[in-house]
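A.B. asks: The following block contains the structure, expressed as structure tokens.
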Amino acid sequence: MSASAQTKSRNRNLPQERAPTDPLAKYARLEAFTHKLWGHIYPEVPTGLHASIVARVYQKVKETYPLQPGARVLDIGCGQGVALTHFAADKLNATGIALGEDVRICQEKGYDAIEMDLSFLEFPDETFDLVWCRHALEHSFMPFFVLSEIFRVSKPGGLVYIEVPAPNTNSQHESNPNHYSVLGTRMWTQLILRTGFTDVTHFEINFPLQIGPDTYTGFVGRRPK
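This is the structure we're talking about:
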């Protein structure tokens, strides 16, 4: 082997230098990945079952944690406005976020709705008295980060309501193409607590389907004052 060939062989075994990269490039890749997942989104057409569950859990939450008229509410994953209807009836100052066609439908109903990814909440710190996040977190591939964003935009003393499908039920929520985080009660509780919320409680929402019984889990917590 020639001296030149020996040098090339040795160089192949040395660590290769990497060209310096823009520190923001990695975050651009993350944002591009989230946008790719937007292709999994579908309109959330209201059903009688979900409307009745929303009415039931909202009544439960507001009886235990009443809000004054004018309180600021963020509805993450507002769908076509099922919960926004209840917030409007109680004269709460609510903003809904969603992606795709649901935003336009909410706007046509007269609601304050914005197209926004739940991964990147574009609101100032300590804005909302209540963050309502019903059946949105299971659609996140980084729910701990989303929970940290929810904590950030919550006012001191503010309330969070989170509802998610339970794993291992007849509905097989894990198999839904745009479900990325179908976790158990203990894991969700730990993530909510680690984010900084306190007094976290949960309750089960059981209901029958043609394929058998199903369960959602609701969590309530507060940001410390």
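Residue numbers (the working numbering): 2 to 226. Heads up, the beta-carbon is just placed ideally off N, CA and C, and yes, glycines get one too.
Short of 6 Å in beta carbon distance, which residues of its chain neighbour Cys-134, apart from the five on each side in sequence? Order them along the chain.
C.D. replies: Around Cys-134: Ile-77 and Ile-163.
A.B. asks: For Ala-84 versus Asp-113, is the C-beta distance shorter than 8 Å?
C.D. replies: No, these two residues do not count as a Cβ contact at 8 Å.
A.B. asks: What is the DSSP secondary structure of Tyr-162, reduced to helix, strand or coil?
C.D. replies: DSSP places Tyr-162 in strand when its eight states are reduced to three.
A.B. asks: Under a Cβ-count criterion, where at least 16 other Cβ atoms within 10 Å of its own Cβ denotes burial, should Val-46 be classed as buried or exposed?
C.D. replies: By the neighbour-count rule (16 or more Cβ atoms within 10 Å), Val-46 is not buried but exposed.
A.B. asks: Given a cut-off of 8 Å on the beta-carbon distance, is the pair Leu-192 and Leu-148 in contact?
C.D. replies: Yes; because the gap between Cβ atoms is below 8 Å, this pair is in contact.
A.B. asks: State the DSSP-derived secondary structure class of Val-104, mapped to helix, strand or coil.
C.D. replies: Val-104 falls in the helix class under three-state DSSP.
A.B. asks: When you compare the CB positions of Pro-1 and Asn-177, do they come within less than 8 Å of one another, or not?
C.D. replies: Nothing in the structure corresponds to residue 1, since the chain is present only between 2 and 226.
A.B. asks: Is Gln-81 near Ile-98, with beta carbons less than 8 Å apart?
C.D. replies: No, they are not a contact pair.
A.B. asks: Opposite Gly-97 in the DSSP bridges: which residues?
C.D. replies: DSSP lists Asp-76 and Ala-114 as partners of Gly-97.
A.B. asks: Does the contact criterion of 3 or more C-beta pairs under 8 Å hold for the stretch 27-45 versus the stretch 56-64?
C.D. replies: Contact fails: fewer than three Cβ-Cβ distances are below 8 Å.
A.B. asks: Measuring straight from C-alpha to C-alpha, what distance separates Asp-91 and Arg-57?
C.D. replies: Cα to Cα, Asp-91 sits roughly 15 Å from Arg-57.
A.B. asks: Cβ atoms of Val-183 and Pro-228: under 8 Å apart, would you say?
C.D. replies: The requested residue 228 is not part of the displayed model; the chain covers only 2 to 226.
A.B. asks: Could you give the first and the last residue of the continuous alpha helix (DSSP H) run that contains Val-147?
C.D. replies: Taken as a continuous stretch (DSSP letters only), the alpha helix (DSSP H) holding Val-147 covers 144-154.
A.B. asks: Quick one: what's Pro-214 bridged to in DSSP?
C.D. replies: According to DSSP, which records beta bridges pairwise, Pro-214 is partnered with Pro-209.
A.B. asks: Taking Phe-121 as the reference, give the member of Ala-33, Gln-211 and Asn-169 with the closest Cα.
C.D. replies: The shortest Cα separation from Phe-121 among Ala-33, Gln-211 and Asn-169 belongs to Ala-33.
A.B. asks: For Gly-197, I'd like the list of residues in its chain whose CB is within less than 7 Å of its CB, leaving aside the five on either flank, ordered along the chain.
C.D. replies: Around Gly-197: Phe-152 and Arg-224.
A.B. asks: Mind checking which residues open and close the alpha helix (DSSP H) that includes Trp-189?
C.D. replies: 186-196 is the span of the alpha helix (DSSP H), which, as asked, contains Trp-189.
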